[in-house]
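First comes the structure, then the notes that go with it.
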Amino acid sequence: MLIEAETVRLLPHSSSDSQIKYRSKKELEEDQKNDTIPKLENTLLEAGLFSAEELQTLRNEIKKEVDQAAEQAQQHPDPRPEYIYDYLYAPAEETAHLKFEASKPSGERVVMVDAINHALKEDMARNDKMYVFGEDVADKKGGVFTATSGLSTQFGKERCFNAPLAESSIIGVAIGMAVYGLKPVVEIQFGDYIWTAMMQIRNELATMRWRAYNFWSAPVVVRVPVGGYIHGGLCHSQNIEGFFAHLPGIKIAYPSNAADAKGLLKTAIRSGDPVLFLEHKGLYRQSYAAAPEPDEDYLLPFGKAAIKREGNDLTIVTWGALVHKSLEAARLLEKEGLQIEVIDIRTINPLDMETIVNSVKKTSKVLIVHEDTRFHGFGAEIAAQIAEQAFEFLDGPVRRVAGADTPVPFSSVLEKAALPQTEDIVKAARELESY
Amino acid sequence: MKTVEMVMPKMGESITEGTILKWLKKEGDVVGNDEIILEISTDKVDSEIPTPVPGKLVKLLAKEGDVVEVGKPIALIEVEGEEADKIPAQDEPEEVLEAPVETPSVKSEKSEKKAVAKGSRFYSPVVLNIARENGVSMAELEQIEGSGINGRVTKKDILNYLETRKSAGVQATASTMSAEVNVFTGGPVEVLPMDNMRKRIAEHIVHSKQTSAHVSLYTEVDMSSVEAIIKKNKETFKKREGFSLTYTPFIVEATVKALKEFPYLNASIEDDKIVLKKYYNIGIAVAVENGLIVPNIFNADSKNLLGLARAVYDIAFRARHKKLKPDEIQNGTFSISNFGVFGTLVGFPIINQPQVAILGVGAVKKRVVVINDAIAIRPMMYLSLTIDHRLIDGAMGSQFLEHVREHLENYDAEMTV
Chain A
35 MLIEAETVRL
45 LPHSSSDSQI
55 KYRSKKELEE
65 DQKNDTIPKL
75 ENTLLEAGLF
85 SAEELQTLRN
95 EIKKEVDQAA
105 EQAQQHPDPR
115 PEYIYDYLYA
125 PAEETAHLKF
135 EASKPSGERV
145 VMVDAINHAL
155 KEDMARNDKM
165 YVFGEDVADK
175 KGGVFTATSG
185 LSTQFGKERC
195 FNAPLAESSI
205 IGVAIGMAVY
215 GLKPVVEIQF
225 GDYIWTAMMQ
235 IRNELATMRW
245 RAYNFWSAPV
255 VVRVPVGGYI
265 HGGLCHSQNI
275 EGFFAHLPGI
285 KIAYPSNAAD
295 AKGLLKTAIR
305 SGDPVLFLEH
315 KGLYRQSYAA
325 APEPDEDYLL
335 PFGKAAIKRE
345 GNDLTIVTWG
355 ALVHKSLEAA
365 RLLEKEGLQI
375 EVIDIRTINP
385 LDMETIVNSV
395 KKTSKVLIVH
405 EDTRFHGFGA
415 EIAAQIAEQA
425 FEFLDGPVRR
435 VAGADTPVPF
445 SSVLEKAALP
455 QTEDIVKAAR
465 ELESY
Chain B
19 MKTVEMVMPK
29 MGESITEGTI
39 LKWLKKEGDV
49 VGNDEIILEI
59 STDKVDSEIP
69 TPVPGKLVKL
79 LAKEGDVVEV
89 GKPIALIEVE
99 GEEADKIPAQ
109 DEPEEVLEAP
119 VETPSVKSEK
129 SEKKAVAKGS
139 RFYSPVVLNI
149 ARENGVSMAE
159 LEQIEGSGIN
169 GRVTKKDILN
179 YLETRKSAGV
189 QATASTMSAE
199 VNVFTGGPVE
209 VLPMDNMRKR
219 IAEHIVHSKQ
229 TSAHVSLYTE
239 VDMSSVEAII
249 KKNKETFKKR
259 EGFSLTYTPF
269 IVEATVKALK
279 EFPYLNASIE
289 DDKIVLKKYY
299 NIGIAVAVEN
309 GLIVPNIFNA
319 DSKNLLGLAR
329 AVYDIAFRAR
339 HKKLKPDEIQ
349 NGTFSISNFG
359 VFGTLVGFPI
369 INQPQVAILG
379 VGAVKKRVVV
389 INDAIAIRPM
399 MYLSLTIDHR
409 LIDGAMGSQF
419 LEHVREHLEN
429 YDAEMTV
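So, in structure tokens, the structure goes:
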């Protein structure tokens, strides 16, 4: 059912507004006649459903209730300054029951997109409040990258359904469902198109629990394929973690391999916070991002980086597709006698600074490697935190290898120039080592 | 009336900061021309600092113990009348003694470049931290070869350096005394913190022991001629110069002559290279209130006996009164320690790095000696020499010592100083 209602505005939009300045007296008087409350009262009286006395009593009761509420609010003590961080995220006790890394991934080797598909299937079977929707997610297509393949067939079109091409609506609907108590796990088909949903994400999704002081929460999981190296051009290659890391209240995962993807996605689904779950398109079916499949209760904690390779000479901090290029660079540099430590941060927010700082204490030199544009990329935040927390351990400037400050071009020659390559990492690491 | 900022003075070429040791004047005190108002310690030396202008000390901007960058204000002084107009924008401390600029005539191009780079090179936070934790002084840090960009000392360089230093002997640890350490089993004790100078001496001495292979030799010298000269000139010298003639200038002169004959003793070792110094800056160990300091007589070979006597007196006096400049305790090429003034007969001093030898001077005492098979009484002095066996073998050390002895015994007893 759709109701279209034409309403009047009787009072200014805010106390700083005076509608006398821009609306005629006549128009305002006309609107007064259309005030819905006296209109409803007249209708009730004429129909003989209420007497004038009964209406007056009702009016008094409502006024009393409002006054009491106002009085109560007035008397409530002011919040203390330290309340500022309360309930930005789910309280710890809400996730205390989760057992992290209870097993070792040891199943059949699986590619990343299949690990994600299995995580969704297993948790939909486990939790009947879980819903999956987005553009083209239902069978037979099962998502443009097949991440949601088989879900609508197995769980029905009630629980896995296609959404209109309207990202803002996808997020808005998911917020409503989550506040209501369901578990929406939605897909934004490409990170490049998430921007129309930015208002919903920033103003509603990320703030829900905090502004309601834990009365409401919106634990939506938003799965988003991102990243380049696939000749996707400027609208199918974007990295978005830098923008969203700037929003307090939303957690961000960016796994580099199948096992981490499954473990982190399951944690996202079973936790109480909104999560932006970034999946690198270039890694979906890569053999080097495949891994033995973790079991169905394998959970990886957010905020725990992985040391992919140990070394004493220099630390590379990276994530997503650049984890693999960094490891390749480290292998090449090993032939030159350099021992490079490679850290995969795995989640952008929360960020595991402890692991990074410990590594800086050991190597004293840090190279941050990411695919997103360099200027104001997430690497800048890591560099700043290293400067704040580990300045005294540094033996060289914190350096970055990152994407060019341009859109990602379609031409393969230009794409190669815009996105960080292994040789860029090797060169930067060599320079920093010899500093 | 005008208020003048007194700034942390530049105490030497490589000094960038100083520690306020003690304010000798308080806020509100009126200070006269050049009156000493505070003591400052740098990582080289402690100094008394006079007011840049006469006036009223209105505000102290730094507390005792504060480390202040050179050129940063430390006090405000209110000046009256004409004086106010004479104040220069930035006060430079008066040159107390002109230290000659050391330009060794022979130096490889490579080491020349390094020397330039070392003075101004950048030290990363972690390198400075490691240096501090391991008691590596700035002077010592400046000696380390850097493999990084522009000769920068990298973390690996200093760790390798420490490893070498450690394997050369016991590890030097910067002792910071914990206030909680008060349980001793032996009996009642008094626990005192080491002051700056003590820590620096400890560092320096241990570093030397770990660096050089110390070997000591000693001989005895008949000081009859020198004693006769001192006796003969005593009155006139004192009257003319205002201080007494001592054995020290004779020993310095004899040493410089012998150094010219044995250039390897006026040298230092850099990596696998021997650096022979063609200049003679002789360090004289001076006992001061809390320890020991070794100021240099620069270009001692260009001074006659009277010049050396004046120089010895000057540096010893200024060392005891905290008037030395940091540059005066750097760039020595050979050192002399005269513990004989305290009555000690013989001792074996530790080499003053990066030098390779040090002369120890014992007390002059009358002893029975055999001369031409006859027994005689002579003013005798034991002279010891500690050498770095890495560079100098016993034969050369002994010959050097014998030459010093001969020069001392062959003074013309009739000479006038």
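Here the protein sequences line up with chains A and B, keeping their order. Just so you know, the first sequence maps onto residues 35 to 469 in the working numbering. Just so you know, the second sequence maps onto residues 19 to 435 in the working numbering. Beta carbons are placed, not taken as given, at the ideal position from N, Cα and C, and that holds for glycine. If you're wondering where the values come from, they're calculated on a predicted model, not measured in any experiment.
key: valine 386 (chain B) vs glycine 358 (chain B) beta-carbon contact at 8 Å   = no
query = Tell me the DSSP bridge mates of histidine 232 (chain B)?
reply = B:Asp406
request  = Determine which residues share a DSSP beta bridge with cysteine 194 (chain A) and list them.
outcome  = A:Val166
key: Chain-ordered residues of the segment 144-164 of chain B with a beta carbon less than 9 Å from chain A   = Val144, Val145, Leu146, Asn147
key: valine 207 (chain B) - DSSP class collapsed to helix/strand/coil   = coil
query = Quick one: which chain A residues come within Cβ less than 9 Å of glycine 169 (chain B)?
reply = In chain order: nothing, as chain A lies at least about 12 Å away.
ask   = Of the residues that make up the segment 418-435 of chain A, which ones have a beta carbon closer than 8 Å to any beta carbon in chain B?
value = From the segment 418-435 of chain A, only Phe425, Glu426, Phe427, Leu428, Asp429, Gly430 have a Cβ closer than 8 Å to chain B.
inquiry  = Let's test the definition: count the other Cβ atoms within 10 Å of the Cβ of alanine 292 (chain A) and tell me whether it reaches 16, buried, or not, exposed.
reply    = buried
ask   = What whole-angstrom Cβ distance do valine 254 (chain A) and alanine 212 (chain A) have, given they're in contact under 8 Å?
value = 5 Å
task = Give me the Cα-Cα distance between threonine 182 (chain A) and histidine 152 (chain A), rounded to the nearest whole angstrom.
result = Taking the Cα positions, threonine 182 (chain A) is about 9 Å away from histidine 152 (chain A).
request  = Establish whether the CB of tyrosine 263 (chain A) and some CB of chain B are separated by less than 8 Å.
outcome  = no
ask   = Based on the DSSP secondary-structure assignment, which residues constitute the bridge partners of tyrosine 400 (chain B)?
value = Paired residue(s): B:Glu238.
query = Exposed or buried, which one is threonine 389 (chain A) when buried takes at least 16 other CB atoms within 10 Å?
reply = buried
query = Per DSSP, what kind of secondary structure is isoleucine 300 (chain A) in: helix, strand or coil?
reply = Before going on, a small fix: residue 300 (chain A) reads as lysine here, not isoleucine. Lysine 300 (chain A) falls in the helix class under three-state DSSP.
key: chain A contact residues for serine 142 (chain B), given Cβ-Cβ distances below 7 Å   = Leu428, Asp429, Gly430
query = Beta-carbon of serine 393 (chain A) versus every beta-carbon of chain B: anything under 8 Å?
reply = no
message = Measuring only the C-alpha atoms, how far is isoleucine 105 (chain B) from methionine 24 (chain B)?
response = With a pLDDT of only 49 at isoleucine 105 (chain B), under the threshold of 50, the placement of this residue in the model should not be trusted; the figure read from the coordinates follows. Going by the C-alpha atoms only, they are around 11 Å apart.
inquiry  = Any beta carbon of chain B sitting closer than 8 Å to that of serine 398 (chain A)?
reply    = yes
ask   = If you follow the alpha helix (DSSP H) that aspartate 47 (chain B) is part of, which residue opens it and which one closes it?
value = Aspartate 47 (chain B) -> no alpha helix (DSSP H), and no H or E assigned at all.
message = Using a Cβ-Cβ distance cut-off of 8 Å, determine whether threonine 172 (chain B) contacts chain A.
response = yes
query = Under the rule that 16 or more other beta-carbon atoms within 10 Å means buried, what is lysine 369 (chain A), buried or exposed?
reply = exposed
Test: serine 468 (chain A) CB closer than 8 Å to a CB of chain B = yes
task = Just mark glutamate 432 (chain B) as buried or exposed, buried being the case when its beta carbon has 16 or more other beta carbons within 10 Å.
result = exposed
message = DSSP three-state label for arginine 423 (chain B), please.
response = helix
request  = Check whether the segment 327-345 of chain A touches the segment 299-306 of chain A, counting contact only when three or more Cβ pairs, one atom from each stretch, lie closer than 8 Å.
outcome  = yes
query = Does the beta carbon of glycine 309 (chain B) sit closer than 8 Å to a beta carbon anywhere in chain A?
reply = no
task = Indicate whether lysine 40 (chain B) and isoleucine 55 (chain B) have their beta-carbon atoms separated by less than 8 Å.
result = Contact: no.
query = Should proline 29 (chain A) and glycine 225 (chain A) be called a contact, given that it needs their Cβ atoms to be closer than 8 Å?
reply = Absent from the model: residue 29 (chain A). The displayed extent of chain A is 35 to 469, so no value can be given.
key: arginine 365 (chain A) in three-state terms, based on DSSP   = helix
query = In chain order, what residues of the same chain lie with their CB nearer than 6 Å to the CB of tyrosine 236 (chain B), ignoring the 5 residues before and after it?
reply = Around tyrosine 236 (chain B), the same chain offers Val364, Tyr400, Ser402 as residues with beta carbons nearer than 6 Å, after the five sequence neighbours per side are excluded.
Coarse secondary structure for arginine 12 (chain B), derived from DSSP in three states = Nothing can be reported for residue 12 (chain B): it is not among the residues displayed for chain B, which extend from 19 to 435.
key: Simplified DSSP state of glutamate 57 (chain B), which is helix, strand or coil   = strand
ask   = So is glycine 166 (chain B) in contact with chain A if we call contact Cβ pairs under 8 Å?
value = yes
task = Spell out whether any CB of chain B is found under 8 Å from the CB atom of serine 48 (chain A).
result = For serine 48 (chain A), no Cβ of chain B is located within less than 8 Å of the residue's own Cβ.
inquiry  = With H, G and I counted as helix, E and B as strand and the rest as coil, what does DSSP make of arginine 150 (chain B)?
reply    = helix
request  = Let me know the beta strand (DSSP E) ranges lying completely inside the segment 214-263 of chain A, each 3 residues or longer, listed in chain order.
outcome  = 217-221, 255-260
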